[in-house]
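Numbering (our numbering), first residue to last: 36 to 215. Here a beta-carbon is modelled for each residue, glycine too, at the ideal position from N, C-alpha and C. See structure below.
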Amino acid sequence: MVYVLLGTGFEETEAIAPIDLLRRAEIPTLTVGVDGKTVTGSHGIPVVADIELGQMDLTQLEMIVLPGGLGGVATARKSPEALDALRFAWDNGKFVAAICAGPTVLADIGITDGRKATCYPGCETGMGNASIVSDTACVRDGKLITGTSAGCAIPFGLALVEALKGKEEADRVARQIVIR
Numbered sequence: 036m037v038y039v040l041l042g043t044g045f046e047e048t049e050a051i052a053p054i055d056l057l058r059r060a061e062i063p064t065l066t067v068g069v070d071g072k073t074v075t076g077s078h079g080i081p082v083v084a085d086i087e088l089g090q091m092d093l094t095q096l097e098m099i100v101l102p103g104g105l106g107g108v109a110t111a112r113k114s115p116e117a118l119d120a121l122r123f124a125w126d127n128g129k130f131v132a133a134i135c136a137g138p139t140v141l142a143d144i145g146i147t148d149g150r151k152a153t154c155y156p157g158c159e160t161g162m163g164n165a166s167i168v169s170d171t172a173c174v175r176d177g178k179l180i181t182g183t184s185a186g187c188a189i190p191f192g193l194a195l196v197e198a199l200k201g202k203e204e205a206d207r208v209a210r211q212i213v214i215r
């Protein structure tokens, strides 16, 4: 199961595009409302989450994803339960992914330390001891996947598909959406 954490103020493109790609690849994916069932994104788009934070079954977890958006990142950062879920995933060898400002939350809890990662330009100072890779859409370092920005949501989403189902499936989904 892939859980995508949605906190009030999340960046809609960084959440919805990867969710769409994961579901096209038939990867079980649920949206998780960090601070309630209906979560409003940074551009005023309300999304009804599939489940709330306390309903995650971490025994079924394969990957956890944190979109950016300064409000969504602040919401996740304030939630001990969200931080615990991210730590649980990492400590148990599951994929942990974040995009835009989201990787700074991973840095806060030590996940990016000593790993290659990317983030939104200007957020590098919040990346702790990560080895920052600039000028790229996304970076995978083992079980850590990070993306740069909303404009990189499609490559980021395809990287999530590739991590869970392989390059052939990611390529199939890319062809299906006619990415150029």
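Original post:
Which same chain residues, not among the five before or five after Val208, have their C-beta less than 6 Å away from its C-beta?
Top reply: Only residues of its own chain outside the window of five on either side were considered, and among them Leu56, Arg59, Ala60 and Val196 have a CB closer than 6 Å to the CB of Val208, listed in chain order.
**OP:** Give me the Cβ distance between Gly137 and Val108, rounded to the nearest whole Å; I'm assuming they're in contact under 8 Å.
**Re:** For a cut-off of 8 Å, the C-beta gap from Gly137 to Val108 is around 6 Å, short enough to register as a contact.
**OP:** Out of Leu88, Ile99, Asp92 and Gln95, state which residue places its alpha-carbon closest to the alpha-carbon of Glu116.
**Re:** The shortest C-alpha to C-alpha distance from Glu116 to any of Leu88, Ile99, Asp92 and Gln95 is the one to Leu88.
**OP:** Tell me whether Val131 sits in a helix, a strand or coil according to DSSP, three-state version.
**Re:** In the three-state reduction of the DSSP assignment, Val131 falls in the strand class, which pools E and B.
Subject >> Inter-residue spacing [alpha-carbon to alpha-carbon] between Met162 and Glu204 >> reply: Counting only the Cα atoms, Glu204 lies some 31 Å from Met162.
Original post:
Are the Cβ atoms of Val168 and Val100 separated by less than 8 Å?
Top reply: Not in contact: Val168 and Val100 (Cβ atoms no closer than 8 Å).
**OP:** Kindly indicate which three-state DSSP category Gly192 falls into: helix, strand or coil?
**Re:** It is helical.
Subject >> Backbone CA spacing between Glu14 and Ala142 [nearest angstrom] >> reply: No answer is possible for residue 14: the residues shown for the chain start at 36 and end at 215.
Original post:
At what residue ranges does the segment 77-154 contain a whole run of the alpha helix (DSSP H), taking only runs of 4 or more?
Top reply: Listed in chain order, they are 105-113, 115-126 and 137-143.
**OP:** Kindly indicate the opening and closing residues of the alpha helix (DSSP H) around Thr48.
**Re:** Here the alpha helix (DSSP H) through Thr48 covers Glu47 to Arg59.
Subject >> Three-state class that DSSP yields for Arg175 in the structure shown >> reply: Note: Arg175 maps to strand in three-state DSSP.
Subject >> Where the alpha helix (DSSP H) containing Val208 begins and where it ends >> reply: Going by DSSP, Val208 is part of the alpha helix (DSSP H) stretching over Lys202 to Gln211.
Subject >> DSSP bridge partner residues for Leu40 (one or two, in chain order) >> reply: As DSSP reads the structure, Leu40 sits in a beta bridge with Val67.
Original post:
Under the three-state reduction of DSSP, which class applies to Gly182: helix, strand or coil?
Top reply: Under the three-state reduction of DSSP, Gly182 is assigned to strand.
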